[in-house]
Every structure is written in C-alpha cells, then in structure tokens.
Amino acid sequence: MGISRRKFLGWIGAAGISASIGKPAGASSISQFSGFPDSKGVLHDITRCVGCRSCEDSCNKINELPEPDTLFSDQTVLAKNRRTTTKAFTVVNQYISKNASEKPVFRKIQCNHCLEPACASACFVRAFTKTPNGPVTYDPDVCVGCRYCMIACPFDIPAYEYDEPLTPRVVKCTMCAPRIEAGEIPGCVSVCPTEALTFGKRKNLLSIARERIRNNPDRYIDHVYGEYEMGGTSWLYLSGVPFHEIGMREDLGIKSGPELTSGALSIVPMIVGLWPVLLTGIYGMTKRKEKNAFIEQEGAVAAAVERANHESIKKIAAAIEKERLGKKKAMEAAEKEKEKGIK
Amino acid sequence: MSGEIITGKKTVMTPFNVIAGMVVLMGLIITAIRFTKGLGAATNLSDYNPWGIWIGFDLLVGVALAAGGYVTSAAVYIFGMKKYHFAVRPAVLTGFLGYLFVVVALHYDLGRPWRLAYPFIVGWGTTSLLFEVGLCVALYLTVLFLEFSPAPLEWLGFKKTRYLAVRLTMVLTIFGVVLSTLHQSSLGALFLIAPSKLHPLWYSPYLPVFFFVSSIIAGLSMVMFEGMLSHRAFHDKMDEEHLSESDSLTLGFGKAASLVLAGYFTIKIIGVAAGNHWNLLTTPYGIWFLVEMIGFIALPCFLYAVGVRDKNLMLIRFTAAWTVLGIVINRLNISVIAFNWHLPASDRYFPHWMEIGISVFIVMLIILFYRFIVTRMPILYEHPDYKGEEQ
Amino acid sequence: MNETFYTLHHFLLHTESVTYLIMLLSLLGLFGFWFFLTARDDDQ
C-alpha cells in the first residue's frame, strides 16, 4: 500500500499540481497522527491506591461540586460499584479478589481524556475539545443536550443533569484544565498520599510505567492500560490484577472513535456526488423506454394503416382490371357479332 | 388544538374521537411535566442509558416508517411505474407528517431543544454522524414539504404557485432519494462509534447499509399497511383510480418487498459471517437475534412471495403489518434492547410510562393530522381541476 | 491552511467541513446544471 501511495503522490507531483493539494503528506495518512507533542497525562498505579478517597474530596472542593451524600471519610461506599455522576467527577471503587488471601484492590474512575476522544467526534456542535495540554474540555454554552457523547464514550464517563429543566449540562472530569493552564497539577493528584497518581507528560509517564513493570515484574500485569485502548488515553493505568477483574474493559480495541466512523462519513460525499447521476440515468432510461414504446406503437398503427391502404388499392385495381377485361370481352363479342353480320 | 380537529362533522363523540381526546389530554399533561420538571421527572433515562424510546422509537422507527415517501415517489417518477401515481400523495403526506413529528418528538428528548439549530449555526461538528442526520432530516423535511405542497395549493386554489411546485417534482424526487439514502443509513452509522456497547450480533460495520435497505422494506410495507387502514377509514374519499389500482399496487409492492427482504436477509447473514459471531447464536441474545432474522425477515419474505403468487391480497396486507412490526423490533433492538447488553440488569433501561405516553401521543397526533388533511385536501383523489394532468 | 494536525479528530473536522461545503455547493449547482443540460431538449 505504501508503494502505491508513494507512486500516486509521485504522479500528482509529475502533473505539477502537488502544490495546490495543500497539506504536507505527513498529515494525510490516518496512522501518522501521534497526538499533541508534550501533552500531559496522569499515571494511576492501582497497586499503590489505598482507597482513602482524598482525591474524591479534593475534586469535589476544587470543582465546587454539590455536597456528597455521605462524607468522604465514609469508607463503606467503596464497596458499592459506583460510577461518575453529576455530583462526582471521580469515584474510587473497591474490588475484592476471589482469592480471599489477597488484599482488596482500589481503582479510581474518571474521564480518561482520550487522545482521539469519541465524545468530541460524536458531538455535532463541537462542545468537546481535545486541548494541546491533554484535557478534553466541555462547553455547556453550545451543548444541545442530545447526549450522543454519552452513547459514544466507551468508558461510560459523562453524566447528565436530567433533573435540570432549563440548563442541563453534561458533567465530567476536566483534568483540572484551568489548573494545568496555570502550571499547577490536577486536584486529585495533588492530594494523593501514596503517590498512586503521577502527573506529567504522557510520553514520560509511559516510560515510568514501563520501568516500574520492568523493575517489579511480579507486582504488575505486563500491560499499560490506556497506551492503546480506544486509540490511547491521557490517563494510564498499572495494575497487579487483570484489568477486567477490576471493572476495566479489555475488549475495547485500539480503534479510536474517529476511526470507527470515518469510513461511514467518507461514503456520504460519494452518494451526494453520484446518486443524482445514477438516478437521472435511470430516469433517462425510463423515459427513453416510454418514448420508444410510444414510437413503436405509432409505427405499428402507421404500418397497419398502410397495409390496409395497400390492400384496398389492390382491390380497386383488381376491380378496375376486371371491369376493363369485361369491357374488352364485350367489345370483342360485339366485334365478332359485327363480323358475323357482315358475312 | 385537539378540539379543532375532533369537531367538524355530525357525530363528534365517536369511540375513536373519545380515545384520541384522552390521549391528547394525557400528552399535554406529560408535556407540561417534561418541560417544567426536566427529563428526569418524565423518563427513566440514566447516565448509563442516555437514549431511551424517544430516540429508539420516535426517531429511529419514525424515520424508517416515513420512508414510504421517497420509496413511492422514486418508484413512480424515476422508475416510471406510472400506474402507482395515485399512491404518491398519501405516501408523501405520511412521510411529511412522519418527519415533522420526528422533529417535534426530538424536542422532548433534547436537553435544550431551543438550541436545535445550533449544529448549523454555532457548531458545525462535521465529524459527527448526528450532524449528518440532522442536516439531512432538516433538508428532507423541506423537500417533503415542497413535494406535498401541490395538495394544499390545489385545496386553496393557488394555481400559479401550484404549477411552480409541480414543475419541481423531478428534481425534488432525486433530492429526496439522495437525502433519504444518506440519513437512513447514517441513523445506523450512529452506533458505529459504540462497538463496546452494542451486542456484536447487531453491531456491524455494515450497519449503515442494513438501515438503508431495511428503510426500503419499511417504506414499501408502510405504504401497503396505510393503504389498508385508509381503505377502512376514508373509502368515501377515494376516487375511481385509487380504488381500482390499489390491488395492483399491493401486488407490485408486495413483490418488491419480498425481493428486498431476501437481499436484506442475505446481507444480515453476511454481517454475522464477517464478524465470525456464529457461536453467539446459541446465547439468549442469539436466540432473540434469530427470532428477528427468521420471524421478521425470512418469514415475511416468504409470506409476501406466497401472497403475490396466489394473488392473496389479505395475506400481503397482513404481512405488511407484520413487517412493520419487525422494523420496530429491529430499531428497538439496536437502540435499547441489545444496547448496553453487557451491563447488569440493575443498570439497564426500561421506559417510564410517561415516555410511552409521549410516544403514543405523537403517533396519535400524526393520525389526527392525517385525518384532518385527508378529509379536506385532494390526497386520495385527484382534484377535478387538474385531472389527468401529467406530473 | 498551514496548521499542522496532531489528531485524527482535528484533521477530520477540517476535511469534513470542507467536504460538506463542497457537497452543498454541488447540490445547488445540480439545479443549474440540470437546466443547462436539458434546456434544448425537444421532447419535453
């Protein structure tokens, strides 16, 4: 494929129109988008999390979210299988292993800030933006409330203010985008007592994660969750137990949201361009057929008329001939009579 | 609004009118609750289940069943089946009302419905298939309005404007088919972005093709189904041509529907093969998938064929209704039943009675508007002034 | 036109927007072209 593409570009170049195509070739192939350089992320080392919920607490205060139903010191809610809601950008869940001797595992859930966000791809008003810093931000001022972003999100993160009659918003973690903008680190990371959360450039976090796996192969599963899942996420995860055992889907695949839909989108202009041609063609053929049928019919009628005419002429001719013969005979007879009389 | 429709003829208190009145009253009450208390008060939608039957039924089923407009006008004007000309107006009218009320229903589901035009004014989120759907539905609603406009113009006696509208017929039909192809298929493509949520038997890269092909089946079946209902209710409004040709239409459309169903069945099987999901067919979802495949695709395909061979109009009409039900089931499978199939039962969605109430209310409004128009405008008969005119 | 695209999403947003504009123009142009093409047809 590479060769044919290079050839193709070569032909274009030979035709001397490559300048008018515009974009450099580097930006025209799907596989070559590598995300914003120096984009930030967070590494969540699940093996270090103790379920203290201080990240939830800090998140709630910094983002001025509503009072929680129970205090953040309440450890009993950890056992419930919670998800992000309109009141909580992030939650920590506890997972008890089937093997009773092993310690429970705690996992923090929040928006993963995909490199190619499905929510942004799905939004028809561009309410979501993947910022160069890493966060995926949401703008309620343009949101229509179709909730297609929630359908699209493979991690079930966005929540919706269903009880708000006039100004319902989609609610999700912002990765503390304003704080990152100001050079600070996200609220949850800043308060984590066990360094289960590490903030930094995503590419650096990836090397840290790999190094931890290399140094402690017994402690970790050999996989950095988020490196490739759904095209890669800004949040990365390390775990000591298989990810599917702690509620993280391993069947998402590595195709991003935009990749999943770009094929269908690319058919649209082809239909717009070619359907009218095809349909007009069919219409033309239909009309031609009708016209031909009409002409054929006309022709048949004319032929019938002509045939009819022809026959009658013959008849008349025959009649005339007959009469002529009759007259001739009569004259001959008369002549004979005459001759007889003279003799 | 309701009173104006219900009153008019001698006996107002017919059983149908009483039921219609009650449905409209209920609809208005739920409307008030929905728009004053928010979506949460009237629906069972949740953070896991952002789309319920207002999308699954009102939008997906509504658009599919309104396909009769483009299918019939394409058959008559593009493919030259002129003897079905009498069916174009009722089909275009139902199409127009269908789309109109899809848009009305959408106002209930959207969080901020007054921003409905934002995608085209503010957003231009062109990577979204919903943008494509929105743009096409908006344009197609306009096309349907123009296609339908000769009827009210004849009714009102605006001859010159009507002449202009009629002259556009050909180009409007082509536009209609282009736009319908696009948004019918894009409705299926909406779910392409969620392979991890929709059951693999229903998820397929071919979803847009499935939706487009099944919309043709829905359109054909709906024209026959409506024809049957119209014959019961508005027999006196039909002219000679309508009455004499509708049996031939049923045979013709029945044959076409059988053929398209056969093709649809084939590509659905290919969908399973392409994903190599054969092993899933024995799971509970697989059984349900087979019910759809055999009971609502293969069976109607066969019944239509038998009906056409035996010239059994009753069988064809029954099959039309059965196929329409199949389309409803298919769209609900994809949007609600097989969507989020991986979640535990406690996180799954079942519609609130008010959601069902609004859906019934919308269907009732379509019927009432249809009746209002059919009893006044030249839909089921040709206007005497324009009789025998080529369109 | 010279901005670099770092994500597929931004790239598609750009190309799709251009494509939609072309599609709208072509559909509008279709009207004119249709009349130009068929204006001298004698069988209308």
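Residue numbers (the numbering used here), protein chains in the order written: chain A, 1 to 343; chain B, 1 to 391; chain C, 1 to 44.
Built from N, CA and C at the ideal position, the CB exists for glycine as well.
Computed from a predicted model, the values in this text were never measured in an experiment.
Could you name the residues of chain C that A/K130 contacts, counting a contact when the two beta carbons are closer than 7 Å?
T7, H9
Buried or exposed: A/A333, going by 16 or more other Cβ atoms within 10 Å of its Cβ?
exposed
Name the DSSP beta bridge partners of A/T198, please?
A/L43
Using a Cβ-Cβ cutoff of 7 Å, what residues of the region 164-198 of chain B are near chain C? List them in chain order.
V171
For A/A159, collect the residues of the same chain with a Cβ closer than 6 Å to its Cβ; drop the 5 residues on either side in sequence, then sort them by chain order.
T84, T85, T86, V171
Between the region 139-158 of chain B and the region 166-173 of chain B, are three or more C-beta pairs nearer than 8 Å?
yes
Where A/V277 falls, given that 16 or more other Cβ within 10 Å makes a residue buried
exposed
Checking contacts by CB at 9 Å: is C/T19 closer than that to chain B?
yes
Between B/P300 and B/G263, is the Cβ-Cβ spacing less than 9 Å?
no
For the beta strand (DSSP E) holding A/Q110, just list the boundary residues, first then last.
First-last for A/Q110: undefined, no H or E at that position.
Comparing C-alpha positions only, which one of A/C123, A/A302, A/T47 sits nearest to A/P104?
A/T47
Just to confirm, are B/T126 and A/I271 a CB contact at a threshold of 9 Å?
no
Using beta carbons (cut-off 9 Å, strictly below), is C/L30 in contact with chain A?
yes
What is the C-beta distance between A/R169 and A/P140, in whole angstroms, given that I count them as a contact (C-beta under 8 Å)?
4 Å
Note down, in chain order, all residues in the region 235-254 of chain A with a beta-carbon under 8 Å from any beta-carbon belonging to chain B.
R249, D251, L252, G253
Selected residue, minimal CA-CA separation from A/I246, among A/L78, A/D69, A/S34
A/L78
Counting pairs of beta carbons, one from the region 266-285 of chain B and one from the region 189-209 of chain B, are three or more of them closer than 8 Å?
yes
Cβ-Cβ separation, B/I356 to B/I53 (assumed contact under 8 Å), whole Å:
7 Å
To which residues does DSSP link A/T137 through a beta bridge?
A/T129
With DSSP as the reference, label B/I31 as helix, strand or coil.
For the record, residue 31 of chain B in the displayed sequence is Thr; it is not Ile. It is helical.
Contact check, B/L130 vs B/P119, beta carbons under 9 Å:
yes
Check whether the Cβ atoms of C/H9 and A/P117 sit closer than 9 Å, and answer yes or no.
yes
Supposed contact pair B/V177 and A/L274 - C-beta distance, whole angstroms, cut 8 Å
Not really, about 12 Å apart at Cβ, beyond 8 Å.
Does the region 179-193 of chain B come into contact with the region 312-326 of chain B, if we say contact requires no fewer than three beta-carbon pairs (one atom in each stretch) closer than 8 Å?
no
What residues are listed by DSSP as bridge partners for A/V171?
A/A159
Using the C-alpha atoms, what's the distance from B/V61 back to B/L397?
Because residue 397 of chain B is not part of the residues shown, which for chain B are 1 to 391, the question remains open.
Report yes if the CB atom of B/S196 is closer than 9 Å to the CB atom of B/L380, and no otherwise.
no
Are any of the Cβ atoms in chain A nearer than 9 Å to that of B/L39?
yes
Would you call the CB atoms of A/K80 and A/A196 closer than 9 Å?
no
Tell me which residues share the same chain as B/E241 and place their Cβ nearer than 6 Å to its Cβ, disregarding the 5 neighbours each side in the sequence.
F86
Considering only DSSP beta bridges, list what B/F339 is partnered with.
B/L198
Report yes or no: is there a C-beta of chain C within less than 9 Å of the C-beta of A/T145?
The identity of residue 145 of chain A in the sequence shown is Gly, whereas the question assumes Thr. Answer no: the Cβ-Cβ gap between A/G145 and chain C never drops below 9 Å.
What residue from B/M13, B/V12, B/G27 has the CA that sits closest to B/M364's CA?
B/G27
Apply the 10 Å Cβ neighbour rule to C/I22 and answer buried if 16 or more other Cβ atoms are within range, or exposed otherwise.
exposed
Mark A/S73 as exposed unless 16 or more other C-beta atoms lie within 10 angstroms of its C-beta, in which case mark it buried.
exposed
Distance between beta carbons of A/A152 and A/G253, contact taken as under 8 Å:
The Cβ separation is near 14 Å, so there is no contact.
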